[in-house]
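**Q**
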Amino acid sequence: MYDKDGKGYINVADLREILRALDDKLTEDELDEMIAEIDTDGSGTVDFEVCFNICLQMLKQLQMGIRAFLLFASKIWNFICFVFRKQVRAKNSLLSRSSWVHKCLKFCINVFETFSRKIIQHQTVKYDVLPLSPLSKHRLSLVRRKILVLDLDETLIHSHHDGVIRQMVKPGTPPDFVLKVTIDRHPVRFFVHKRPHVDFFLDMVSKWYDLVIFTASMEIYGAAVADKLDNNRGILNKRYYRQHCCVRYGSFNKDLSAITSDLSSIFILDNSPGAYRAYPDNAIPIKSWFCDASDTALLNLLPMLDALRFTSDARSVLSRNLHLHGL
202 MYDKDGKGYI NVADLREILR ALDDKLTEDE LDEMIAEIDT DGSGTVDFEV
252 CFNICLQMLK QLQMGIRAFL LFASKIWNFI CFVFRKQVRA KNSLLSRSSW
302 VHKCLKFCIN VFETFSRKII QHQTVKYDVL PLSPLSKHRL SLVRRKILVL
352 DLDETLIHSH HDGVIRQMVK PGTPPDFVLK VTIDRHPVRF FVHKRPHVDF
402 FLDMVSKWYD LVIFTASMEI YGAAVADKLD NNRGILNKRY YRQHCCVRYG
452 SFNKDLSAIT SDLSSIFILD NSPGAYRAYP DNAIPIKSWF CDASDTALLN
502 LLPMLDALRF TSDARSVLSR NLHLHGL
């Protein structure tokens, strides 16, 4: 908001969100104390310049690495864009909607939003795989190569089709690829967005495990998505679809025993606990993904997956995660 002199202010509620984004370890009491020190007159608004200086000081204290800084910068920029859009849409906005100034600013916002998203999506990703020692190689040779079962929707990708009324993805976000399939003799277009770092993730885990796609989606759709993710690498050749699921408690259940009878050497990565209800000891939960460009859930799993291949029975480790499934 702006006063008659054009001086900018930010609401205290919005400032709280910025401070929380800077340091998610801040408690509500600590936030209240910080706000009280800034909003001395109790007006509920803070000068933009004061807000900027506080954020800059916190940023220096955090001593974040390059990647963390980019993630933070993206979040702050998205927030600034949100605040600005809200202001220019207000009835008492200083800019006329029809003015060329407003149009130029709106164009700049769109450009910078796209740019910040690309920075996050395309920055170099590394996972240092150290050469195995002779002892580690021997240990690995004593256990069976395991099977990693992967779900598709909201685990590796998110998609929506022409008939969706309310999209989870922000309007204007370009899909990674578009699929055209025929369902019940009707052509349908699916706009597919890949979870951040999914290509790198698949490349890494394919070296450690035999990969299997198991989706509750129809085969005509699931196969097309799997083909795109495989990208002629030959790592996602084994696939299971809706017809291979069992319907229990009103949801599709994935039967891991249909893939192998040795349950000590198989586990599934799925965002839906109901899908592996019968096999909680053979599952790794992952949060559902829709549109967050800063998501790192797949990268965060790599150290555990790297180590899990050395176990003789995956259930000996995964059974300790039962409290995470929400079953």
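Numbered per this note's numbering, the sequence shown spans residues 202 to 528. Quick reminder that beta carbons are idealized off the backbone N, C-alpha and C, glycines included.
With a CB to CB cut of under 6 Å and the five nearest residues on each side skipped, what residues in its chain are close to Arg345?
**A** Closer than 6 Å at Cβ, skipping near neighbours: Ser466.
**Q** For Asn483, count neighbouring Cβ atoms within 10 angstroms of its own Cβ and tell me buried if that reaches 16, exposed if not.
**A** With 16 or more other Cβ atoms within 10 Å, it is buried.
**Q** Compute the Euclidean distance between the alpha carbons of Leu464 and Val413, then round it to the nearest angstrom.
**A** Approximately 14 Å between the Cα atoms of the pair.
**Q** Considering only C-alpha positions, which residue in the set Ser418, Tyr328, Asp215, Leu499 is nearest to Val247?
**A** Selected option, being the one with the closest Cα: Asp215.
**Q** Restricting to Cα atoms, I'd like to know which of Tyr477, Pro504, Asp507 is closest to Leu523.
**A** Out of Tyr477, Pro504, Asp507, Tyr477 has the C-alpha closest to the C-alpha of Leu523.
**Q** Which partner residues of Val448 appear in the DSSP bridge assignment?
**A** According to DSSP, which records beta bridges pairwise, Val448 is partnered with Phe453.
**Q** Should Pro486 and Pro504 be called a contact, given that it needs their Cβ atoms to be closer than 8 Å?
**A** Not a contact, by the Cβ cut-off of 8 Å.
**Q** Rounded C-beta distance between Leu380 and Ala424? I'm assuming under 8 Å.
**A** Going by Cβ atoms, the distance from Leu380 to Ala424 rounds to 10 Å, so no, they are not a contact pair.
**Q** Please report how far the alpha carbon of Pro372 lies from the alpha carbon of Ser407, in whole angstroms.
**A** Taking the straight line joining both Cα atoms gives about 33 Å.
**Q** Tyr410: buried (16+ other C-beta within 10 angstroms of its C-beta) or exposed?
**A** Buried.
**Q** Please report how far the alpha carbon of Ser443 lies from the alpha carbon of Ala417, in whole angstroms.
**A** Checking the sequence, you will find Arg at residue 443 rather than Ser. Distance between the alpha carbons of Arg443 and Ala417 is about 4 Å.
**Q** Give me, in chain order, the residues of the same chain whose beta-carbon lies closer than 8 Å to that of Leu343; leave out the 5 immediate sequence neighbours on both sides.
**A** Correct list, in chain order: Ser513.
**Q** In angstroms with no decimal places, state the Cα-to-Cα distance between Ile236 and Leu500.
**A** About 35 Å.
**Q** Please state whether DSSP places Lys338 in a helix, a strand or coil.
**A** Helix.
**Q** Residue range of the beta strand (DSSP E) that Asp471 falls in?
**A** That run of the beta strand (DSSP E) goes 467-471.
**Q** For the beta strand (DSSP E) holding Asp411, just list the boundary residues, first then last.
**A** From DSSP, the beta strand (DSSP E) with Asp411 extends over 411-415.
**Q** So what's Ser360 in DSSP terms, helix, strand or just coil?
**A** Of the three classes helix, strand and coil, the one that applies to Ser360 here is strand, per DSSP.
**Q** Could you check what DSSP says for Leu296 in three-state terms: helix, strand or coil?
**A** Only weak support is given to the placement of Leu296: the predicted model assigns it a pLDDT of 49, under 50, and the question is left unresolved by the model.
**Q** Check whether the region 352-360 and the region 384-398 are in contact - that is, three or more C-beta pairs closer than 8 Å.
**A** Output reads yes: the region 384-398 touches the region 352-360.
**Q** Residues in the same chain with beta-carbon distance under 6 Å from Glu229, minus the five sequence neighbours each way, listed in chain order, please.
**A** Cβ neighbours of Glu229 beyond the five flanking positions: none.
**Q** Anyone know if the C-beta pair for Ile469 and Lys455 falls short of 8 Å?
**A** Yes; because the gap between Cβ atoms is below 8 Å, this pair is in contact.
**Q** For Leu506 and Asn433, what's the separation of their Cα atoms in angstroms?
**A** Looking at the two C-alpha atoms, the distance is approximately 24 Å.
**Q** For His398, count neighbouring C-beta atoms within 10 Å of its own C-beta (all shown protein chains included) and say buried if the count is 16 or more, exposed if not.
**A** It is buried - the Cβ of His398 has at least 16 other Cβ atoms within 10 Å.
**Q** With H, G and I counted as helix, E and B as strand and the rest as coil, what does DSSP make of Ala479?
**A** Looking at Ala479 - three-state DSSP - the assignment turns out to be coil, as it is neither helix nor strand.
**Q** Could you give the distance in angstroms between the alpha-carbon of Leu333 and the alpha-carbon of Phe401?
**A** Rounded to the nearest angstrom, the two C-alpha atoms are 21 Å apart.
**Q** Give me the residue from Arg440, Gly364, Cys446, Glu355 with the minimum Cα distance to His387.
**A** Residue Gly364 is the option with its Cα nearest to His387.
**Q** Considering just the uninterrupted stretch of the beta strand (DSSP E) at Pro388, what are its terminal residues?
**A** Note, Pro388: beta strand (DSSP E), 387-395.
**Q** For Lys429, which three-state DSSP category applies?
**A** Three-state result, Lys429: helix.
**Q** Just to confirm, is the Cβ distance from Asp352 to Asp471 under 8 Å?
**A** Yes, Cβ-Cβ distance for Asp352 and Asp471 is below 8 Å.
**Q** Which whole-angstrom value describes the C-beta separation of Ile348 and Val382, a residue pair presumed to lie in contact below a C-beta threshold of 8 Å?
**A** 28 Å between Cβ atoms; not a contact.
**Q** Could you tell me how far apart the beta carbons of Ala459 and His445 are, in whole angstroms, since I believe they sit closer than 8 Å?
**A** Rounded, the Cβ-Cβ distance is 6 Å, consistent with contact.
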